[in-house]
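Chains as they are written, first to last, in the UniProt record's numbering: chain A, 1 to 594; chain B, 1 to 338.
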Amino acid sequence: MADDGKQAPVPEIVQELFNRFGENSFTVQHTRDGMPTLWVDKTRIVEVLRHLKTGVSRPYKMLYDLTAIDERLRKHREGQPPADFTVVYQLLSIERDMARPYGGDLRLKVALQGEFPSLPTVTTVYVNANWYEREVWDLFGIVFDGHPNLRRIMLPPRFQGHPLRKEHPARATEFDPFVLDQMRQDLDQEALLFKPEEWGMKRGTENEDFMFLNLGPNHPSAHGAFRIVLQLDGEEIVDCVPDIGYHHRGAEKMGERQSWHSYIPYTDRIDYLGGVMNNLPYLMSIEKLAGIKVPPRAQTIRIMMSEFFRITSHLLFYGTYAQDVGAMSPVFYMFVDRQKAYDVIEAVTGHRMHPAWFRIGGVAHDLPAGWDRLVREFVEYMPKRLDEYQKAALENSILIARTRDIAAYNTEEAQEWGVTGPGLRATGLAYDLRKARPYCGYENFDFEIPVASHGDVYDRCVVRVEEMRQSIRIIKQCLENMPEGPYKADHPLTTPPPKDRTLKDIETLITHFLQVSWGPVIPHGEAAMMVEATKGINSFYLTSDGSTMSYRTRIRTPSFAHLQQIPAVIRGHMVPDLIAYIASIDFVMADVDR
Amino acid sequence: MSAILDWFTAHPQFTAALIACVKAIVILLGLILTAAWMIWLERRLLGLWQDRYGPNRIGPFGLGQVIADMIKIFFKEDWLPPFVDKATFVIAPLIAMALMLLMFAVIPVAPGWGVADLNLGLLLMMAIAGLEVYAVMLGGWASNSKYALLGGLRVTAQTVSYEVFMGLSLMGVVMQAGSFNLRDIVEAQHGLWYIIPQFFGFCTFAIAGVAVVHRTPFDLPEAESELASGFHTEYSGMKFGMFFVGEYVGIVLVSALLVTLFFGGWRGPFIEAVPALAFVWFALKCLFFMSFFILLRAALPRPRYDQLMGFGWKVCLPLTLINLLGTAAVLLLSGPGA
């Protein structure tokens with residue numbers, strides 16, 4: 001990992017691209033995260049991506065993220081081609097990544113000119129670009145030529161404007177008061193009606209009519225405000241259209257109006273079951289931009305709390321999973337266990353689900369006196385309970401019959417759709433960022449990556465259950481080896497800043513005052529850090545323009561990718577299989593819609 | 001006073017009819033109260049098995065919860081959704097409740113206590129059980145809602161499949177007792193309860209019973225996690241209440257049938273000395289099965305629709321037939337004609 005400023009050697013893949021397409025086709029950009037970043041002309045992007053996916057050895061099989069940046073107000077663009085808008089493609093080659101940490105990342109950027117620019121779609125290369133391009137169109141107004149169905153995805157069909165554009169206000173107070181009259185309500189509802197023709201679906205064949213069943217946005221098994229329209233032949237699913245956006249609250253836009261520090265609580269609510277785990281990629285990106293090195297104690301505390309949240313999230317998954325296949329009781333036991341974990345979390349952080357407890361450069365406080373007793377009680381209590389559930393839930397023959405070989409996909413398909421986390425590992429690929437590219441000190445821990453082989457609903461549960469045991473193992477190691485030392489970095493941009501010297505000289509006092517009132521000014525640059533979150537790989541791609549606020553906050557969440565895959569997996573299955581599959585994805589809509 | 005008594009003694013037929021009526025009303029009320037009380041029992045037992053309390057605030061042990069719920073449900077608006085087929089929509093829950101109550105008529109709860117003493121009691125019961133499917137089917141259809149329709153479809157397929165062997169599973173008992181009259185069947189279990197010779201019949205009937213009253217794991221018609229509430233999605237207020245209580249009456253009924261047919265009905269120790277104990281035995285045995293059905297709900301997930309049908313046709317039906325043939329063979333060989 002090269003720090004900014006130092007001239008890193010040209011990465012292997014960049015050299016390969018230079019050789020294939022000529023050095024003049026690309027502009028290299030140095031970013032703070034050291035990820036190879038290349039600017040490509042919009043006419044060549046499809047060709048380059050196709051080459052990367054099929055033409056190189058150890059190909060880039062996964063389109064990890066696709067997003068855009070409104071560049072029109074950005075001041076610090078040194079060395080970058082002129083652009084009004086930029087579309088960013090982030091690719092991931094798991095093969096390369098497993099060979100060398102961070103070796104599988106590649107970021108491609110396309111510069112676009114004009115108010116509502118357009119560029120060719122890449123859905124012909126990566127199928128999962130579909131939703132990402134719709135999202136970019138929805139939020140930026142950038143048109144993707146040749147996209148199969150370019151319509152709004154996050155916002156309601158009748159929404160006016162594209163909110164991530166800089167001219168769109170971030171606060172509701174800047175608009176006229178919202179009025180919902182009868183006419184508007186009728187029109188809005190009319191617009192939400194599902195019309196099969198818009199999705200290229202037939203209403204029936206010569207012999208029979210299909211039933212279009214609107215599952216959600218309020219349905220007990222939809223796990224939040226998620227709507228999926230099913231085209232049914234009897235109870236068999238012919239096709240389906242997931243409809244998301246009901247939980248969209250503009251988290252990325254909020255990132256552009258909150259100070260770096262005051263945005264932390266918003267990150268907690270992205271994957272609202274992940275708690276402080278969400279803080280981590282955000283803060284790691286900021287720390288990368290600011291050049292802060294986090295002390296070992298803070299890192300170990302972060303790991304410990306993150307693993308606690310992995311356990312609580314997986315416990316909730318486990319319970320609702322059993323519930324969705326019809327078992328009524330397990331969820332109650334697992335909520336009891338979750339409560340035990342939350343007791344520890346609450347004692348350490350002061351809150352339960354959304355502690356917003358990590359800080360730029362460390363954590364909010366040191367561990368409280370007696371934390372070790374609480375943690376020890378938990379790690380001794382939990383494994384026994386997991387053993388019980390093995391018999392009570394996981395080995396139940398009805399449950400196995402319901403979930404074995406249901407909604408299975410293999411490693412190739414998983415990568416094609418951008419699936420990460422337990423869903424990917426259930427296909428047999430042992431790709432876990434905590435091992436593949438250890439962050440935050442995970443390299444110091446001894447744990448295993450659980451994998452399974454069938455990639456079906458049942459295996460996804462087995463993997464998660466085993467992950468809980470591994471998390472307990474990690475927590476135990478944190479307990480036994482908690483380093484001494486400060487819980488916050490000694491760095492001027494640490495927030496809240498160290499206060500020891502503030503009352504002794506005026507210069508420190510002024511800095512402190514500004515940083516507390518306005519917030520820290522993070523140096524300009526770009527950085528994206530990924531973590532292995534509860535549901536898959538989560539990352540925050542931050543663009544700083546040298547201000548107290550982020551210029552662009554891109555949140556790449558695993559659940560978004562996982563939901564896009566649903567139709568490809570579930571065709572030909574029955575309605576109860578869909579419910580089991582949805583349960584096994586383990587998504588939360590806040591994570592999908594942001 | 002004595003004149004009235006004299007009149008009754010002078011008209012014995014009328015008196016007998018009156019007593020029968022009173023008994024019937026007592027049994028009917030007792031049944032409905034038991035079904036309502038079962039709601040409390042289920043919630044408390046589930047609470048016990050699920051590490052939580054269940055309703056425990058209103059009255060002693062939360063017993064008043066049922067009354068509170070009943071009052072609430074009676075006073076809810078009697079809402080008819082505008083898109084439903086009105087007449088059918090209203091009739092369906094009535095059928096559900098009425099048929100369940102009607103089936104209980106043939107069950108002897110104690111010696112000489114029962115609504116009807118019919119020689120073809122068991123057949124009548126099976127016939128009514130066959131009609132029971134109409135309640136949910138019509139409810140699902142009349143709701144004019146997709147979820148309700150799917151629930152209605154499921155329930156039809158499920159009930160029809162499981163009724164096939166529900167009747168057959170009892171034929172072993174009928175053969176052994178030599179009667180369709182439930183009182184005779186109880187009498188015939190003197191000395192040996194039919195659970196021993198008719199074990200497979202018991203297993204299949206118990207499964208079919210759960211399936212026909214669609215309780216977990218056979219609750220696919222209402223499968224909350226899949227179909228929201230299945231066939232009664234559009235129902236509310238007392239119309240929903242009738243489906244709801246009807247289900248509990250169904251559980252009481254199936255428990256009572258299991259007890260009557262396989263566990264000696266009201267038979268038990270000391271009934272000669274204290275005749276009132278007969279009912280106590282009957283009630284206790286029923287309570288055991290009612291609790292067992294609740295335990296099933298607490299313990300089991302729900303199979304998929306096709307798995308359920310497969311299980312019915314491929315496992316239960318052959319088992320029933322084998323049991324039937326086996327019983328017939330044993331009776332033939334050991335009977336007077338052999």
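We treat Cβ as the ideally placed atom computed from N, Cα and C, and that holds for glycine.
Check                                                                                                                                        : Outcome
Inside the region 232-276 of chain A only - beta strand (DSSP E) runs reaching at least 3 residues                                           : 236-243
C-beta atoms of Gly104(A) and Ser93(A) nearer than 8 angstroms                                                                               : yes
Continuous alpha helix (DSSP H) stretch holding residue 612(A): start and end                                                                : The requested residue 612(A) is not part of the displayed model; chain A covers only 1 to 594.
Three-state secondary structure (DSSP) of Ile294(B)                                                                                          : helix
Given 8 angstroms, three or more beta-carbon pairs between the region 345-363 of chain A and the region 294-306 of chain A                   : yes
Uninterrupted alpha helix (DSSP H) stretches inside the region 173-221 of chain A (no shorter than 4 residues)                               : 182-192
Option nearest Met62(A) by Cα separation, candidates Ile45(A), Arg77(A), Glu95(A)                                                            : Glu95(A)
Buried versus exposed call for Trp260(A) [16 or more other C-beta atoms within 10 Å across all chains shown]                                 : buried
Segment limits, beta strand (DSSP E) that includes Asn538(A)                                                                                 : 537-544
Interface partners of Trp49(B) on chain A, CB under 8 angstroms                                                                              : Ser329
Continuous alpha helix (DSSP H) stretch holding Tyr162(B): start and end                                                                     : 146-177
Near-chain B residues of the region 379-403 of chain A (beta-carbon distance less than 7 angstroms), N- to C-terminal order                  : Asn396, Ile398, Leu399, Ala401, Arg402
Counted within 10 angstroms of its Cβ, other Cβ atoms place His11(B) as buried (16 or more) or exposed                                       : exposed
7 angstroms Cβ cut-off: residues of chain A touching Pro301(B)                                                                               : Ala322, Val325, Gly326, Ala327, Asn396, Ile398, Leu399, Arg402
Any chain A beta carbon closer than 8 angstroms to Lys146(B)                                                                                 : yes
Cross-strand partners of Ser118(A) (DSSP beta bridge)                                                                                        : Val143(A)
When Asn279(A), His524(A), Cys461(A) are compared against Ala407(A), the one with the closest alpha-carbon                                   : Cys461(A)
Phe279(B) beta carbon less than 8 angstroms from that of Ala110(B)                                                                           : yes
Contact check, Ala436(A) vs Leu424(A), beta carbons under 8 angstroms                                                                        : no
Minimum Cβ-Cβ distance from Pro305(B) to chain A less than 8 angstroms                                                                       : The residue you asked about is not Pro; residue 305(B) is Tyr in the sequence shown. By this cut-off, Tyr305(B) is an interface position.
Inter-residue Cα distance where the pair is Leu193(A) and Gly230(B)                                                                          : 22 angstroms
Touch test, the region 436-446 of chain A against the region 472-489 of chain A, Cβ-Cβ under 8 angstroms, three pairs minimum                : yes
Identified DSSP bridge partners for Tyr89(A)                                                                                                 : Leu66(A), Leu108(A)
Met125(B) and Val155(B) closer than 8 angstroms at C-beta                                                                                    : no
C-beta neighbour in chain B for Val336(A), strict 8 angstroms                                                                                : yes
Leu287(B) versus Phe200(B), Lys72(B), Leu5(B), Leu31(B), residue with shortest Cα-Cα distance                                                : Leu31(B)
Range covered by the beta strand (DSSP E) that runs through Phe26(A)                                                                         : 26-29
Where Thr34(B) sits in the DSSP three-state scheme                                                                                           : helix
Per-residue contacts from Pro108(B) into chain A (C-beta, under 7 angstroms)                                                                 : None at all; the shortest Cβ gap to chain A is about 34 angstroms.
Reduced DSSP secondary structure (H/G/I, E/B, other) of Lys488(A)                                                                            : strand
Contacts around Leu123(B), its chain only, beta-carbon distance under 8 angstroms, and the 5 residues preceding and following it disregarded : Phe180
Below-8 angstroms beta-carbon distance, Thr216(B) vs any chain A residue                                                                     : yes
Under 7 angstroms by beta carbon: chain A residues contacting Ala298(B)                                                                      : Met328, Ser329
Cα-Cα separation between Leu28(B) and Arg227(A), rounded to whole angstroms                                                                  : 45 angstroms
Neighbouring residues, chain B, relative to Leu213(A) (Cβ below 8 angstroms)                                                                 : Lys146, Tyr147, Leu150
Beta-carbon proximity list for Gly161(A), same chain, < 7 angstroms, skipping 5 on both sides                                                : His168
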